[in-house]
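**Q** According to my numbering, the sequence shown is numbered sequentially starting from 1.
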Amino acid sequence: TSLISPNAIQFDAILSKIRDLLLEGHGEAIYEVGAGDGVDCGLNEDDLNASIATVQSICTQLNCDCNLLREKNVEKGKIAEFLLRMKIIEEDFFEVR
């Protein structure tokens, strides 16, 4: 599913995929932008920025942080790797003395 200007159905599919990755990783996931199916990987600067904006928008909806780990130059452009981490809910903590 394309991260570049997705329609509502595509956006929901990406959101579900990222939510599942976060649940599977107990609140953390590594997400690559521009990796594609592994054969045709890399995005030009504009497409990479549009894809990153989509991931950041999804992270806002899922209440998680999106931190850039690294950018790699590949034959057809760039790949960006992000650490996605669910934000901790303050009420989940108890002070024990």
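Each residue gets a CB set at the ideal place from its N, CA and C atoms; glycine is no exception. Bear in mind the structure is a predicted one, so any value in this text is a computation, not a measurement.
Start and end of the beta strand (DSSP E) containing residue 71?
**A** Segment 64-74, the beta strand (DSSP E) holding residue 71.
**Q** Compute every distance between the C-beta of residue 2 and the non-hydrogen atoms of the ligand GDP, then say whether any falls below 8 angstroms.
**A** By its list of ligands, the structure shown contains no ligand whatsoever, and the ligand GDP lies outside what it can speak to.
**Q** Unbroken beta strand (DSSP E) runs of length 3 or more, entirely within the stretch 14-42: which are they?
**A** DSSP runs (the beta strand (DSSP E)) wholly in the stretch 14-42: 28-33.
**Q** Taking the straight line between their C-alpha atoms, what separation do you get for residue 52 and residue 97?
**A** Answer to the nearest angstrom: the Cα atoms are 43 angstroms apart.
**Q** What would DSSP say about residue 3, mapped onto helix, strand or coil?
**A** If DSSP states are grouped into helix, strand and coil, residue 3 belongs with coil.
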